[in-house]
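>
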Amino acid sequence: MRIVVCVKHVPDVQAERILGEEGFLVRGDDDVLNELDENAVQEAVTLAGDDGEVIALTMGPEDAADGLRRALALGADRAVHVCDSRAAGSDVLGTARVLAAAITQLGDEEPIDLIVTGMAALDGMTATIPSALAAHLDLPALTLARTVELSGNVLRITRTMGFNDEVLEADLPAILSVTDQANEVTYPNFKAIMAAKKKPINQIDLDDLGLGDGLVGAAGAGTRVTNATERPPRDAGEVHNDSGDGGRKLADYILGVMK
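With the sequence shown counted from 1, adding 786 to any position gets you the numbering used here.
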């Protein structure tokens, strides 16, 4: 079984996020592999088993290779890094074009059975890459999987939508996105981390994928950030000592807010 798992190098969720002059998110030394993509790598490694191959794929600047090294430490066999300054400013449309072109190129080498993603990237939170990839590659998409089963050539998932659990299935090849409930990530030990340094990362650019100017980057984006301002600091709260009338004071405060 041959699986491509799409991952992203993003700012740490605990770090301060800053937009540059052109509206792009400023990247820094605290960038990490998108946390939800760790579940995608784990699921891909589990489904591939000992005889399969898992290829980690990302688009990003030079330091995005650090995210790929993390994916390799989690069990991926090799990685492909689409690195090109012309891709800066890509939105979901451009990103999906690049990833789909890279997956198609990998499929020309040997057929791809499954493409796996996390449920969302924690920088943009659009959660639309799986569906966009399905449209580009003309493949069925099983998204937001809480459980995943593979029986022969049939992939079956369970996902929770509102108050209902849905069961969906599709024949391979297909697109799969998983939530953080799909599995428990097995964090790499020192041996796995050292082994990841020896696994290959193939760096390519847009020319290698046959993507010209205007299809990706800010020029090919359907959306753009037009304005961003810092949120004002939160006002300090009020502290009232309870001298027997704390409940009344709380009720008065709630009534005042509700007016």
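Glycine included, each C-beta is placed from N, C-alpha and C at the ideal position.
I'd like the list of long-range same chain contacts for residue 979, defined as Cβ closer than 6 Å, with 5 residues on each side in sequence excluded.
To locate residue 979, count along the sequence shown from 1; it is residue 193. Excluding residues within five positions, the ones whose Cβ falls inside 6 Å are 859.
> Which of the three DSSP states is assigned to residue 789 in this structure?
Numbered from its first residue, the sequence shown carries residue 789 at position 3. If DSSP states are grouped into helix, strand and coil, residue 789 belongs with the strands.
> Could you name the residues of the same chain whose beta carbon sits closer than 6 Å to that of residue 986, not counting the 5 residues immediately before and after it, in chain order?
Position 200 of the sequence shown, counted from the start, is the residue given in the question as residue 986. For residue 986, where only same-chain residues beyond five positions count, the Cβ hits under 6 Å are 864.
> Considering only their Cβ atoms, is the gap separating residue 918 from residue 886 smaller than 9 Å?
Here residue 886 corresponds to residue number 100 of the sequence shown, with the count starting at 1. Here residue 918 corresponds to residue number 132 of the sequence shown, with the count starting at 1. A contact, by the Cβ cut-off of 9 Å.
> What distance in whole Å lies between the Cβ atoms of residue 861 and residue 831, which are believed to be in contact at a cut-off of 8 Å?
On the sequence shown, position 45 is the one that residue 831 refers to. On the sequence shown, position 75 is the one that residue 861 refers to. Indeed, because the Cβ distance is near 4 Å, the residues count as touching under 8 Å.
> Is the distance from the Cβ of residue 971 to the Cβ of residue 901 below 9 Å?
What you label residue 971 is simply residue 185 of the sequence shown in a count that begins at 1. What you label residue 901 is simply residue 115 of the sequence shown in a count that begins at 1. Not a contact, by the Cβ cut-off of 9 Å.
> Count the other CB atoms, across all protein chains shown, that sit within 10 Å of the CB of residue 762; report buried if there are 16 or more and exposed otherwise.
The chain is shown only over 787 to 1045; residue 762 falls outside these bounds and no answer can be derived.
> Are residue 793 and residue 854 close, meaning C-beta to C-beta below 9 Å?
Within the sequence shown, residue 793 is the residue found at index 7, counting from 1. Within the sequence shown, residue 854 is the residue found at index 68, counting from 1. In this structure, residue 854 lies closer than 9 Å to residue 793 by Cβ.
> Give me whichever residues DSSP pairs with residue 956 in a beta bridge.
The residue given as residue 956 occupies position 170 in the sequence shown. The partner list for residue 956 (beta bridge, DSSP) reads 941.
> Relative to the C-alpha of residue 964, which residue among 796, 823, 1036 is closest?
Here residue 964 refers to the residue found at position 178 of the sequence shown. If we check each option's Cα against that of residue 964, 823 comes out closest.
> Rounded to the nearest angstrom, how far is the Cβ of residue 967 from that of residue 932, given a contact under 8 Å?
For the purposes of this step, residue 967 is taken as residue 181 along the sequence shown, with counting starting at 1. For the purposes of this step, residue 932 is taken as residue 146 along the sequence shown, with counting starting at 1. Yes, they are in contact, since the Cβ atoms of residue 967 and residue 932 sit about 5 Å apart, within 8 Å.
> For residue 933, which of helix, strand or coil comes out of DSSP?
Along the sequence shown, one-based indexing puts residue 933 at 147. Correct three-state label for residue 933: strand.
> Find the nearest neighbour of residue 841 within the set 795, 993, 898, judged by alpha-carbon distance.
Reading the sequence shown from its first residue, position 55 is the one you call residue 841. Checked all of 795, 993, 898; the closest Cα to residue 841 is 898.
> Just the Cα atoms here: how many angstroms apart are residue 958 and residue 872?
Along the sequence shown, one-based indexing puts residue 958 at 172. Along the sequence shown, one-based indexing puts residue 872 at 86. In a straight line, the C-alpha of residue 958 is about 33 Å away from that of residue 872.
> In this structure, does DSSP put residue 876 in helix, strand or coil?
In the sequence shown, counting from the first residue as 1, residue 876 sits at position 90. Looking at residue 876 - three-state DSSP - the assignment turns out to be coil, as it is neither helix nor strand.
> Beta-carbon within less than 8 Å of residue 940's beta-carbon, same chain only, minus the 5 sequence neighbours each way: which residues are those?
Within the sequence shown, the letter at position 154 stands for residue 940. If we look at residue 940 and ignore the five residues flanking it on each side, its Cβ neighbours are 955, 956, 957, 958.
> Are the CB atoms of residue 877 and residue 1012 within a distance shorter than 9 Å?
What you label residue 1012 is simply residue 226 of the sequence shown in a count that begins at 1. What you label residue 877 is simply residue 91 of the sequence shown in a count that begins at 1. It is not a contact, given that the beta carbons lie outside the stated cut-off.
> Does the Cβ of residue 797 have 16 or more other Cβ atoms within 10 Å, making it buried, or fewer, making it exposed?
Within the sequence shown, the letter at position 11 stands for residue 797. Residue 797 is buried by the Cβ-count criterion.
> What separation, rounded to the nearest whole angstrom, lies between the Cα atoms of residue 950 and residue 925?
One-based indexing of the sequence shown puts residue 950 at position 164. One-based indexing of the sequence shown puts residue 925 at position 139. Roughly 25 Å between the two C-alpha positions.
> If you draw a straight line from the C-alpha of residue 866 to the C-alpha of residue 937, how long is it?
Sequence index remark: in the sequence shown, residue 866 carries index 80 (1-based). Sequence index remark: in the sequence shown, residue 937 carries index 151 (1-based). Answer to the nearest angstrom: the Cα atoms are 28 Å apart.
> Helix, strand or coil, according to DSSP, for residue 817 in the structure here?
Position 31 of the sequence shown, counted from the first residue, corresponds to residue 817. If DSSP states are grouped into helix, strand and coil, residue 817 belongs with the strands.
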